[in-house]
Each structure stands twice: as structure tokens, then as C-alpha cells.
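Start counting the sequence shown at 7; every next residue gets the next number (the numbering used here).
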Amino acid sequence: MSTEDGEPGEEVDANLFEQDRGLSSICTGEQDTVMQHISAIGFDLFETLILVQNLRREEAVGRLTQSLKSSGLAIADDAFLPVYRAAARRFMAAAHHDGKETHNRFWISAALQELGHDVQPDDPRIALAVEVYFAAFVEYATPIPGTVEMLAALKGKYRLGLLSNLTHAPAALRIIDKLGMAPFFDAVLVSGQLGYRKPHPRVFLALLDQLGSPKEQTVFVGDNLEVDVHGAQQVGIQPIWMTYVQGQKALETLGLADPPPPTTPSVPTITNWQDFLTLLDMP
7 MSTEDGEPGE EVDANLFEQD RGLSSICTGE QDTVMQHISA IGFDLFETLI
57 LVQNLRREEA VGRLTQSLKS SGLAIADDAF LPVYRAAARR FMAAAHHDGK
107 ETHNRFWISA ALQELGHDVQ PDDPRIALAV EVYFAAFVEY ATPIPGTVEM
157 LAALKGKYRL GLLSNLTHAP AALRIIDKLG MAPFFDAVLV SGQLGYRKPH
207 PRVFLALLDQ LGSPKEQTVF VGDNLEVDVH GAQQVGIQPI WMTYVQGQKA
257 LETLGLADPP PPTTPSVPTI TNWQDFLTLL DMP
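Put into C-alpha cells, the structure is as follows:
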């Protein structure tokens, strides 16, 4: 994922994980009891259920700039790209700070205006460029191994929800449709639709509302400690940390036969979907 569409990677203060004895009980010998009462499961999307493999950010942004040029905007890559990236960082920093979601059209417009083009965020040329940009992510998206099979095994036994941080919601919807995941979900929520992004409490409360499940009977699975784990925990949802991607990166970087164990917070941690099914006491 590109920087402007990803999730922040800050570490979470370890003290946050001990705020609720009920949440930490799953790691202290009460795991079976807690999981037996689960009726709903929420999932993050990127690097939890899917990967965007082999897509370099330069390619996606290159498609965007080419679209703008094809729409008649006279821009040079060496002038546009630094201004575009700086604008993206400003808008995303504000979104991370207050939890309110932004959208690519705002920073594309800001960059163009800085270069002397009077193009507003709702201009159809920007809308087309955004679609072209995100088409690359849809094209390169692939499931983490075992994801579709895991969702199929859970469907009908639990209510399943998707909660993703993505500025452009239609892209997330197209990805899960393309990969055959859409029919498994009882609720699909994307920050670009909600107006807020994880870890803001509003989005997790919206997930509970859409799933129709109390927080005590819901778990949320995600790869990001701050956004997914802390975000779920602060509203009383049991988080589960998915570390598949971290493990794969360790293998690629270090060439190890087995990845080193990550620094583990006081929440259940899984490295693959078989671990998760075992946690749920499913074969």
C-alpha cells in the first residue's frame, strides 16, 4: 500500500493493554470460555485478509499523473510528484490526528492548485485519476493464503464484518468482490464511507451496530497494533493480532527458516488462519 492510503505504524503503550481485565483474560487461562461466547468477528482488510503484491507506489502514482495529463492538464512529473506527495502527507497527518477521514481528491487538487491549475476536488478529471490510481490496487490485490477458506468455514457460525481504513471506499468493495470475499460479510464498513478512520471509536461502534452484536461477544482481527488492536480494545472489543505479514517480511529480510517471534502485546496473536481457527476451537 502507498503511504497515503496505509495505516500508521506507531507502537502502542503497553499499559493500554491492561486497562480491561475482561479483555486480557483470554491470555490468562480463560481463552476457551471467552471464545465460546463469541458471536461476531470483525476483520481489517489490508495485510490482514489481503496483500497488494508487486505494486510499487511509483506505478500507481504514475498511472494517476498520466491520467491527469490525458485529461489535458499540463503537468511535469518532476514538478508534480514532490508537491503531490507533500500534500498527501499533510492531509493524512491531519486525518491521523483527529480521526476524520480524508480523500485523495483533496490533495490532488491542492497539488494542482499549488502548480497554478485551478482544479477543484470535485473536478471530473480528478475523479477519473483517482479511479485509475486505485485500479492498480484492485489489480494487484491477492488473498493471504487460506483467507477465503477461513471465511467460508466461519460463515453461518458467526456474523462477519469488514472494517477497513481506505480513503476511496469503492476500491475496497471492488477488491473483496474480485477476490470472492464479498458474500461472506454481513457488514462492510470503509473509512472513506464512514468519514472517520480507525482507531477512532466511532468506526468500531459502527461495526458493532452493523453486526448487531454486543462488544463482549465480538472480536476484531487486524495486523496493526495502534489502529486495529488498540482501536478495538478502547471500545471493549477483544482484539486479535494477525502477524502473517510481519513473519513473511522477516523471512524475506533475514532468510530464516522460521521468523523470529514478534514483540507480543497482551492479546491473542496468530500468524496464519489455522491459528485463528484453533483459537475458535474449530477443526
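The beta carbon of each residue, even a glycine, is placed where N, CA and C say it ideally should be.
query, result
"Kindly give me the distance between the Cβ atoms of L79 and R111, rounded to whole angstroms, as I take these residues to be in contact under 8 angstroms.", "Between R111 and L79 the Cβ distance is about 14 angstroms, and since that is not below 8 angstroms, they are no contact."
"Which stretch, first to last residue, makes up the beta strand (DSSP E) that contains T284?", "First-last for T284: 279-285, but that is the alpha helix (DSSP H), not the beta strand (DSSP E)."
"Whose C-beta lies closer than 8 angstroms to the C-beta of Q280 among residues of the same chain, with five residues either side of it excluded?", "G152"
"Please state if the CB of F49 and the CB of V194 are separated by a distance shorter than 8 angstroms.", "no"
"Which residue's Cα is closest to the Cα of R208: W247, Q254, Q239, E137?", "Q239"
"As a quick exercise: from L166, A92, M187, pick the residue whose alpha carbon is nearest that of I56.", "M187"
"DSSP on I276, reduced to helix/strand/coil?", "strand"
"If you reduce the DSSP assignment to three classes, tell me which class V67 lands in.", "helix"
"What separation, rounded to the nearest whole angstrom, lies between the Cα atoms of T275 and I47?", "15 angstroms"
"Would you tell me roughly how many angstroms separate the C-alpha atoms of H236 and L70, rounded to the nearest one?", "34 angstroms"
"Please go through the same chain and pick out, in chain order, the residues whose beta-carbon is closer than 7 angstroms to the beta-carbon of L160, but skip the five residues on each side of it.", "I47, L166"
"Can you check whether the CB of Y164 is closer than 8 angstroms to the CB of I246?", "no"
"Pull up the distance between the alpha-carbon of L168 and that of V196, whole angstroms please.", "8 angstroms"
"Does the Cβ-Cβ distance between F191 and V241 come in under 8 angstroms?", "no"
"State the start and end residues of the unbroken alpha helix (DSSP H) segment that holds Q244.", "Segment 244-248 is the beta strand (DSSP E) holding Q244; no alpha helix (DSSP H) there."
"In terms of alpha-carbon separation, which member of S170, R62, I181 lies closest to Q199?", "S170"
"DSSP three-state label for G237, please.", "helix"
"So the beta strand (DSSP E) A193 belongs to, where does it begin and stop?", "193-196"
"Helix, strand or coil: how does DSSP classify R165 here?", "strand"
"Could you pull out every unbroken alpha helix (DSSP H) segment of at least 4 residues lying fully inside the segment 130-181, listed in chain order?", "130-146, 153-160"
"In the DSSP output, which residue or residues are listed as bridge partners for T224?", "A46"
"With a 10 Å radius around its C-beta and 16 neighbouring C-beta atoms as the bar for buried, classify G28 as buried or exposed.", "Bear in mind that a pLDDT of 35 at G28, under 50, signals an unreliable position, so the number given afterwards is only what the model happens to contain. By the 10 Å Cβ count, G28 comes out exposed."
"Could you tell me how far apart the beta carbons of Y250 and I182 are, in whole angstroms, since I believe they sit closer than 8 angstroms?", "Incorrect: roughly 18 angstroms between the Cβ atoms, too far for contact."
"Beta carbon of V58, beta carbon of F143: below 8 angstroms?", "yes"
"Quick one: residues in its chain with C-beta nearer than 8 angstroms to the C-beta of L285, no 5 flanking neighbours on either side, listed in chain order?", "Q37, M41, I246, P274, I276"
"Given a cut-off of 8 angstroms, decide if A133 and S73 are closer than it, judged by their beta-carbon atoms.", "no"
"Closer than 7 angstroms by C-beta to T54: which residues in its own chain qualify, once you throw out the five before and the five after it? Chain order, please.", "V227, G228, D229, M248"
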